[in-house]
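**Student:** Residue numbers (our numbering): 242 to 501.
The beta-carbon is built from N, C-alpha and C at its ideal position, and this holds for glycine as well.
Computed from a predicted structure; not experimentally measured.
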Amino acid sequence: MVVNHLRVHWEYLKVALSTAMEYKINFIIQVLAMVFNDVVWIIFWLIFFNRFQNVGGWVLGDMLMLYAIITLSYGLSSVFFGNRNRIAEIVNQGKLDFYLALPKNVLFHVLISRSSFYGLGDVVFGIILAFIVLSLASLSLFLILVLASTSILLSVAILSGSLAFFFGNAEATSRNIFMGTLSLASYPLSVYQGVTKFILLTIIPAGFISGVPVELLKSFNAQWFWLTIGFVVLIFSIATFVFYRGLKKYESGNLMYVRT
């Protein structure tokens, strides 16, 4: 079953990459634009830490580590699950009918049927940052934490997109929830205190996307590591449950969509 799903995913990736490469200049521009956007953020933090030595105990190296995790997680989820932010749109426009007619897992097929290869810019940038700030000994832990962060980002996208099943037109709300979570994850976890920090480690999982992984890379703690893995399993299970619960409420659109 898993092997068959991976084969389907691989075929989709090959088709998507082939399509993207038909417009090489546009493809290169999009990738470079993502890299440029990431560089701008790094320049901002370079200037900031040149003036202030640390933020709540976080130094420049910690912020670079955070951005390595975020850019890699965002980029990987874009490349391999390009429809992650289009679930609400697919539901609202009745395009889910196409996926219901297929023999494969509906959610899996929805997520993989599109790839955003501009995310390669984020992936490359994240890898470069990782080589700058990480030691070889911490590489395996870093990779595990990146996969965990990617899974959490994907789960947030599924949860927010599934709102369309219950509240109708939720495209803007879904995107705002996803981008808001990503934005909160882009700052040191130490700047959040009290109730806010609790929320970012529970209801809004921004803390587990970047802050906790950075702290684990700085000083490994087995309890927090397994808590992170457990949280990944929990939030992905909830996201999957909500999607399929919403699927039962789904009412097919009146339009016939033809995929080409």
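#1: In angstroms, rounded to a whole number, what distance separates the CA positions of G494 and D338?
#2: Excluding the 5 residues preceding and the 5 following A198 in the sequence, name in chain order all residues of the same chain whose CB lies nearer than 8 angstroms to its CB.
#3: Could you name the residues that DSSP lists as bridge partners for V365?
#4: Please state the DSSP three-state secondary structure of V300.
#5: Which complete alpha helix (DSSP H) runs does the stretch 352-400 hold, if anything under 4 residues is left out?
#6: Out of L258, I373 and P429, which one is the CA nearest neighbour of V320?
#7: Considering M275, what are the terminal residues of the alpha helix (DSSP H) in which it resides?
#8: Going by CA-CA distance only, name the one from A274, V332, L305 and I470 that's closest to L488.
#9: Using the C-alpha atoms, what's the distance from V436 back to I479?
#10: Report all residues from its chain with a CB closer than 8 angstroms to the CB of F408; omit the five preceding and five following residues, and keep chain order.
#11: With burial defined as no fewer than 16 other Cβ atoms inside 10 Å of the residue's Cβ, what is the status of P570: buried or exposed?
#12: For the pair the stretch 284-304 and the stretch 245-261, tell me if three or more CB-CB distances fall below 8 angstroms.
#13: Kindly indicate which residue of Q294, A309 and L442 has the alpha-carbon position closest to the one of I282.
#14: What is the DSSP secondary structure of Q464, reduced to helix, strand or coil?
#15: Can you give me the start and stop residues for the alpha helix (DSSP H) that A261 sits inside?
#16: Helix, strand or coil for G421? Go by DSSP, reduced to three states.
#17: Within the continuous alpha helix (DSSP H) that includes K438, where are the two ends?
#18: Closest by CA to G362, which one among K459, Q271 and H350?
#19: Quick check on DSSP: helix, strand or coil for R327?
#20: Tell me whether F322 sits in a helix, a strand or coil according to DSSP, three-state version.
#21: Using the Cα positions of V345 and I353, report the straight-line distance between them to the nearest angstrom.
#22: Helix, strand or coil for N333, going by three-state DSSP, please let me know.
#23: Between the beta-carbon of M275 and the beta-carbon of F366, is there less than 9 angstroms?
#24: Reducing DSSP to helix, strand and coil, say where A411 ends up.
**Tutor:** Based on what the coordinates show:
#1: Sequence index remark: in the sequence shown, residue 494 carries index 253 (1-based). Sequence index remark: in the sequence shown, residue 338 carries index 97 (1-based). In this prediction, G494 scores a pLDDT of 49, lower than 50, which makes its location untrustworthy; the coordinate-derived value is nonetheless stated afterwards. Going from the Cα of G494 to the Cα of D338 covers about 8 angstroms.
#2: For residue 198 there is no data in the structure shown, the boundaries of the chain being 242 and 501.
#3: Here residue 365 corresponds to residue number 124 of the sequence shown, with the count starting at 1. For V365, which the question treats as bridged, DSSP gives no partner whatsoever.
#4: Reading the sequence shown from its first residue, position 59 is the one you call residue 300. V300: coil per DSSP, three-state reduction.
#5: Runs found: 361-374.
#6: For the purposes of this step, residue 320 is taken as residue 79 along the sequence shown, with counting starting at 1. Minimum Cα distance to V320 is reached at L258.
#7: Counting from 1 along the sequence shown, the entry for residue 275 is found at position 34. Where M275 is concerned, the enclosing alpha helix (DSSP H) stretches over K265 to R292.
#8: For this step, residue 488 is matched to residue 247 along the sequence shown. Residue V332 is the option with its Cα nearest to L488.
#9: Sequence index remark: in the sequence shown, residue 479 carries index 238 (1-based). Sequence index remark: in the sequence shown, residue 436 carries index 195 (1-based). If you take the alpha carbons of I479 and V436, they lie about 23 angstroms apart.
#10: Indexing the sequence shown from 1 puts residue 408 at position 167. Around F408: T414.
#11: In this structure the chain extends from 242 to 501, so residue 570 is not present and cannot be described.
#12: Output reads no: the stretch 245-261 does not touch the stretch 284-304.
#13: Locating residue 282 in the sequence shown gives position 41, counting from the first residue. Looking at the sequence itself, residue 282 is Trp, so the reference to Ile does not match. Taking only the C-alpha atoms, the option nearest W282 is A309.
#14: Locating residue 464 in the sequence shown gives position 223, counting from the first residue. Q464: helix per DSSP, three-state reduction.
#15: Here residue 261 refers to the residue found at position 20 of the sequence shown. Element bounds for A261: V243 to A261.
#16: Residue numbering aside, residue 421 sits at position 180 when the sequence shown is read from its first letter. Helix.
#17: Residue 438 sits at position 197 when you count from the first residue of the sequence shown. It spans G435 to L441 - the alpha helix (DSSP H) in which K438 sits, taken as one unbroken run.
#18: As a position in the sequence shown, residue 362 is number 121, starting the count at 1. Of K459, Q271 and H350, the residue nearest in Cα terms is Q271.
#19: As a working mapping, residue 327 is identified with position 86 in the sequence shown. In the structure shown, R327 sits in coil (DSSP, three-state: anything other than H, G, I, E or B).
#20: Within the sequence shown, numbered from 1, the residue matching residue 322 stands at position 81. Secondary structure of F322 (DSSP, three-state): coil.
#21: Numbered from its first residue, the sequence shown carries residue 345 at position 104. Numbered from its first residue, the sequence shown carries residue 353 at position 112. According to the sequence shown, residue 345 is Lys rather than Val. The alpha-carbon atoms of K345 and I353 are separated by roughly 11 angstroms.
#22: Reading the sequence shown from its first residue, position 92 is the one you call residue 333. It is helical.
#23: If you number the sequence shown from 1, residue 275 lands on position 34. If you number the sequence shown from 1, residue 366 lands on position 125. For M275 and F366, yes; Cβs fall inside 9 angstroms.
#24: Counting from 1 along the sequence shown, the entry for residue 411 is found at position 170. In the structure shown, A411 sits in coil (DSSP, three-state: anything other than H, G, I, E or B).
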